[in-house]
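Chemist:
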Amino acid sequence: MSFNLVLTVAGIGILVGILAMLLNESGRKEMAQAVTIAGVVVVLYIVVQSMSQLFDLVKSVFQLY
Amino acid sequence: MEIWQIVGLALIVTIIGVLLRQFRPEIALQLTILTAVMIFLLVLGKVKVIIELLQSLADQANINSYYLLIVLKIVGISYLAEFGAQICRDAGEGALATKVELAAKISVLVLAIPIIAAIMESLIRLMP
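Each protein sequence line maps, in turn, to chains A and B.
If you count the first sequence from 1, position 13 lands on 13 in this note's numbering, and the numbers rise without skipping.
If you count the second sequence from 1, position 1 lands on 1001 in this note's numbering, and the numbers rise without skipping.
1) Counting only beta-carbon separations shorter than 8 Å, does residue 27 of chain A have a partner in chain B?
2) Rounded to whole angstroms, how far is the Cβ of residue 1100 of chain B from the Cβ of residue 1084 of chain B, which I believe are closer than 8 Å?
3) Note the first and the last residue of the continuous alpha helix (DSSP H) segment covering residue 1102 of chain B.
4) Kindly indicate which residue of A/22, A/14, A/26 and A/29 has the alpha-carbon position closest to the one of residue 1022 of chain B.
5) If you compare alpha carbons, which of B/1079, B/1074 and B/1123 is closest to residue 1109 of chain B?
6) At a CB distance below 9 Å, what residues from the segment 1075-1092 of chain B approach chain A? Give them in sequence order.
7) If you count every other CB in all the chains shown that lies within 10 Å of the CB of residue 1038 of chain B, and 16 or more means buried, which is it?
8) Starting from the Cα of residue 1025 of chain B, find the closest Cα among A/16, A/7, A/26 and A/30 and give me that residue.
9) Please list, in chain order, the chain B residues whose beta carbon lies closer than 7 Å to that of residue 21 of chain A.
10) Given 8 Å as the limit, is there contact between the segment 1005-1014 of chain B and the segment 1028-1035 of chain B, that is, 3 or more CB pairs closer than that?
11) Could you check what DSSP says for residue 28 of chain A in three-state terms: helix, strand or coil?
12) Could you work out which residues of chain B lie near residue 43 of chain A, taking near to mean beta carbons separated by less than 9 Å?
13) Within the same chain, show all residues whose beta-carbon is closer than 8 Å to that of residue 29 of chain A, passing over the 5 residues directly before and after it, in chain order.
14) Check whether chain A comes within 8 Å of residue 1051 of chain B, counting only Cβ atoms and requiring the distance to be less than that.
15) Answer with buried or exposed for residue 34 of chain A, where buried requires no fewer than 16 other C-beta atoms within 10 angstroms of its C-beta.
Put into C-alpha cells, the structure is as follows:
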C-alpha cells in the first residue's frame, strides 16, 4: 500500500515532466505552466494526506497531546 | 516491515529522484517527503513495541511514569522537528531549518522544566 503511493507520485512526476516538455516544444508556454501547477497540486494532496497520517501516528505513539 | 523492503524502496526513489530533479525539482522534493513519511510509518510499529517494553521496565523499577512520559514526548518532538528541518535543508532553505530546530529546542526545554524543578528541589533538601 505504501509502495504504491510512492510509485504513483514518481509516475505523476515523470508524466508531468514529459507533458510540460512537449507543450514547451510546441510553443504553448502557458499550458506547460498550468500542467506543472496541476501536477504539483495533485502530488501535494497525496503528500499532505500521508503527512497528516504520520503526525497522528507520532502523536499517539509518543503521547504528544 | 523488513529491512530489505525499506532499502529497496529508498534505492528506487533515489534513482527516480535523480531523474526527476533534472526537469521537475518540485515534484522530486515531494517524492522525497512522501518516501520519508512511508519509511517512518513502516518503522513506527516497532517503535511502539520498544516503548511498551520501556514502560513495563519503568513500572517494575517503580519509576514515576510521569518522567518517562516527558522523555517520550521529547523524543517525539525531536523526531518531528528533525524530519521537518531535514526536508527544509534538502530544499535549500537552511534558515527555515534552523528556525524549526530552535522551536524544537525551546519546546523540549519547556517540557523539561518539571524535571529541572524536581532536581532543584531535591538539591535544596540535601543542603543543610
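The beta carbon of each residue, even a glycine, is placed where N, CA and C say it ideally should be.
Modeler: Result, derived from the coordinates:
1) The beta carbon of residue 27 of chain A does not come within 8 Å of any beta carbon belonging to chain B, so the residue lies off that interface.
2) Going by Cβ atoms, the distance from residue 1100 of chain B to residue 1084 of chain B rounds to 5 Å, so yes, they are a contact pair.
3) First-last of the alpha helix (DSSP H) with residue 1102 of chain B: 1094-1126.
4) Of A/22, A/14, A/26 and A/29, the smallest CA-CA separation from residue 1022 of chain B is found for A/14.
5) Scanning B/1079, B/1074 and B/1123 for the CA closest to the CA of residue 1109 of chain B turns up B/1074.
6) If the cut-off is 9 Å between Cβ atoms, the segment 1075-1092 of chain B has 1075, 1076, 1077, 1079, 1080 and 1083 near chain A.
7) Per the 10 Å Cβ criterion, buried.
8) Of the candidates A/16, A/7, A/26 and A/30, A/16 places its Cα closest to the Cα of residue 1025 of chain B.
9) 1023, listed in chain order.
10) At 8 Å Cβ cutoff, the stretches touch.
11) Three-state result, residue 28 of chain A: coil.
12) Contacts between residue 43 of chain A and chain B, judged by CB atoms closer than 9 Å, involve 1026, 1027, 1030, 1031 and 1034 in chain order.
13) Contacts found: 23.
14) Yes, because at least one Cβ of chain A sits closer than 8 Å to the Cβ of residue 1051 of chain B.
15) With a 10 Å radius around the Cβ and a threshold of 16 neighbouring Cβ atoms, residue 34 of chain A comes out exposed.
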